[in-house]
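Numbering (full-length UniProt numbering), first residue to last: 1 to 140. Cβ coordinates follow ideal geometry from the N, Cα and C atoms, glycine included.
And the structure:
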C-alpha cells in the first residue's frame, strides 16, 4: 500500500493514496483520465480519437483515406476499388464489369443434388467393397 505523499516524510513513496504523484500522473505516466503528458492514452490515441500521425482508430486520416490510399468502402482517390472497378461496375477504360453468374434454377439444383448423392453412394460402395476384399485377402 502506498504511503500518502508528504514531502517531509522519509517513508513516503511520492504517490498519493490513489497511486498518483504530485504532478497528477501514475507510475506509468498517465493522469486520472488515462492520458499522458502529451495528451495520448495508453493505446496512442488523443482525446479527439486520433493517433500521433492523425489517423482515427480505424486507421483513416482526416481526408477519409488510409495509408494504402483507400477509403472505408475500399475505393481509392480516383474512385476505383482494388479490382479496378468503380462504384457503378465500370473499369478504368469505361467498360462494364462482367456480370455475376446466374443462380441455378430449381431443376438444375435438383439434378445436382441427385447427381451428387449418386456419386457419393457409388464412391462409398466402391471403397467399402475394396476394404472388405482387402480384409479377406489379408486374413487368408
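Task: Distance CB(residue 29)-CB(residue 39) smaller than 7 Å - done: Note that the C-beta distance between residue 29 and residue 39 is not below 7 Å.
Open item on the list: What does DSSP give as the partner residue(s) for residue 66 in the beta ladder?
Closed with: The partner list for residue 66 (beta bridge, DSSP) is empty, contrary to what the question assumes.
TODO: Identify every residue that forms a DSSP beta bridge with residue 92.
DONE: Its beta-bridge partners do not exist; DSSP assigns none.
Open item on the list: Which of the three DSSP states is assigned to residue 83 in this structure?
Closed with: It is coil, neither helix nor strand.
TODO: Return the chain-ordered list of same chain residues with a C-beta closer than 7 Å to the C-beta of residue 87, the five sequence neighbours on each side being excluded.
DONE: 75 and 79, listed in sequence order.
Task: Identity of the residues DSSP links to residue 51 by a beta bridge - done: Answer by DSSP bridge pairing, in chain order: 45.
TODO: From the DSSP output, read off the bridge partner residues of residue 76.
DONE: As a beta-bridge residue in DSSP terms, residue 76 pairs with 70.
Task: Coil, strand or helix - residue 40 by DSSP - done: The answer is strand: DSSP assigns residue 40 an E or B state.
Open item on the list: I need the DSSP call for residue 35, collapsed to helix, strand or coil.
Closed with: Of the three classes helix, strand and coil, the one that applies to residue 35 here is strand, per DSSP.
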